[in-house]
Amino acid sequence: MTPTLLTSTQLRYNHFAMAKYHRISCIFWVFSLLFLLTEATNVAPVHGGFVRTRGTQFMLKGSPFLFNGFNSYWMMHVAADPSERPKVSTVFRDAAAAGLTVCRTWAFSDGGYHALQISPGVYDERVFQALDFVVSEANKYGIRLILSLVNNYGDFGGRPQYVKWAQNAGVQVRGDDDFYTIPVIKGYYKNHIKRVVTRFNSITKTMYKDDPTIMAWELINELRCQADYSGNTVDSLDKKHLLEIGMEGFYGDSVPERKRFNPGYQVGTDFIKTNQRREIDFTTIHAYPNIWVPGESEESQLEFDCKEATSFQ
Numbered sequence: 001m002t003p004t005l006l007t008s009t010q011l012r013y014n015h016f017a018m019a020k021y022h023r024i025s026c027i028f029w030v031f032s033l034l035f036l037l038t039e040a041t042n043v044a045p046v047h048g049g050f051v052r053t054r055g056t057q058f059m060l061k062g063s064p065f066l067f068n069g070f071n072s073y074w075m076m077h078v079a080a081d082p083s084e085r086p087k088v089s090t091v092f093r094d095a096a097a098a099g100l101t102v103c104r105t106w107a108f109s110d111g112g113y114h115a116l117q118i119s120p121g122v123y124d125e126r127v128f129q130a131l132d133f134v135v136s137e138a139n140k141y142g143i144r145l146i147l148s149l150v151n152n153y154g155d156f157g158g159r160p161q162y163v164k165w166a167q168n169a170g171v172q173v174r175g176d177d178d179f180y181t182i183p184v185i186k187g188y189y190k191n192h193i194k195r196v197v198t199r200f201n202s203i204t205k206t207m208y209k210d211d212p213t214i215m216a217w218e219l220i221n222e223l224r225c226q227a228d229y230s231g232n233t234v235d236s237l238d239k240k241h242l243l244e245i246g247m248e249g250f251y252g253d254s255v256p257e258r259k260r261f262n263p264g265y266q267v268g269t270d271f272i273k274t275n276q277r278r279e280i281d282f283t284t285i286h287a288y289p290n291i292w293v294p295g296e297s298e299e300s301q302l303e304f305d306c307k308e309a310t311s312f313q
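Numbering (UniProt numbering), first residue to last: 1 to 313.
The structure is reproduced here in structure tokens:
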């Protein structure tokens with residue numbers, strides 16, 4: 001099966017910026033499906049119907065599903081403090097009023113402050129209820145969610161935290177890339193997926209795996225594997241929701257002639273080969289032109305972005 005291409009451009013955007021998490025806090029996803037945008041629609045709760053794919057289109061109840069969307073990684077983290085939950089409601093309300101109907105957000109926080117997963121298999125129910133609230137509010141305002149399950153980076157735990165947990169348990173590790181290969185660590189991650197997918201929402205009284213508010217699961221935010229530049233190192237969830245990996249869009253050895261579109265360095269991923277797995281329903285690309293081509297004019301950075309985006313056609 002050929003995955004549907006969802007182009008997603010990440011732009012620098014100061015929205016609820018938290019200095020501690022500067023690298024992530026300035027990200028705003030603008031989704032487009034095959035470069036087509038939809039007009040604003042009346043706000044209404046999500047009622048039935050799971051988003052599917054057919055060929056290169058998203059489908060909902062037999063019709064093409066076109067949408068605009070946004071990224072707000074921080075929602076569960078903020079909602080963990082009940083007094084801050086109005087911020088989540090306000091964003092969803094304003095987004096719906098602007099015609100945005102899909103939101104990408106974190107369904108993880110591994111160790112540290114406001115951790116969802118305190119240690120392997122041990123969860124803070126208070127934070128899980130915060131995620132319940134996010135899903136419930138998204139439904140209320142007719143917004144579907146893409147829930148990301150772990151971070152490639154150390155922000156909010158991510159791969160480094162999983163490896164650290166294993167190391168503390170006496171497992172011999174060499175580095176963060178062991179996340180992909182050591183059975184104990186893979187077991188931690190798979191358990192987290194199971195706990196989230198089978199979560200019974202304390203507000204909506206619906207299991208996440210049965211909730212059409214959730215459009216898709218994202219396996220990892222910006223997967224990278226520095227230990228294997230070939231992109232060969234990198235399993236499925238429930239039968240109702242879509243699945244995507246969360247890759248940035250770097251070409252690998254499967255299409256060496258396209259490596260010229262990469263930003264000039266290797267990150268150990270192969271966008272084409274990895275997304276051809278039969279379990280994957282659609283793909284995403286992330287773009288940071290100000291990081292990948294620093295010091296260049298806005299025009300040059302935009303040109304770089306355009307060349308990369310059109311190379312996937």
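Every residue gets a Cβ at the ideal spot worked out from N, C-alpha and C, and that includes glycine.
The alpha-carbon separation between R54 and Q276 amounts to approximately 15 Å.
Counting along the chain, T53 sits inside the beta strand (DSSP E) bounded by residues R52 to R54. When the five nearest sequence neighbours on each side are left out, the beta carbons in the same chain lying within less than 6 Å of the beta carbon of N151 are those of G158 and N221, in order along the chain. Counted as a single uninterrupted DSSP element, the beta strand (DSSP E) harbouring N71 occupies residues N68 to N71.
If you check the CB distance, I203 and S300 do not come in under 8 Å. Burial check for F179: the Cβ neighbour count within 10 Å reaches 16 or more, so the residue is buried. An exposed status is given to F200, since fewer than 16 other beta-carbon atoms sit within 10 Å of its beta-carbon.
Residue burial is scored here from C-beta neighbours: A169 has fewer than 16 other C-beta atoms within 10 angstroms and is therefore classed as exposed. DSSP places I118 in the uninterrupted beta strand (DSSP E) bounded by Q117 to S119. Short of 7 Å from the beta carbon of I185, and not among the five residues preceding or following it, lie these beta carbons of its own chain, in chain order: Y162, V163, A166, D178 and F179. Counting C-beta pairs with one atom in each stretch, the region 95 to 105 and the region 113 to 124 have fewer than three that are closer than 8 Å, which means they do not touch. For the 8 Å CB-CB criterion, V88 and V134 form a contact. In this structure, S254 and K273 form a Cβ contact; the two beta carbons are roughly 4 Å apart against a cut-off of 8 Å. Of all C-beta pairs linking the region 206 to 214 to the region 246 to 264, fewer than three are shorter than 8 Å, placing the two stretches out of contact. In the three-state reduction of the DSSP assignment, E137 falls in the helix class, which pools H, G and I. Listed in chain order, the non-local C-beta contacts of F50 below 6 Å within the same chain comprise P212 and K240, local neighbours out to five positions each way being set aside. Secondary structure at R195: helix, using DSSP grouped into helix, strand and coil. Here the alpha carbon of G121 sits roughly 22 Å from the alpha carbon of V78.
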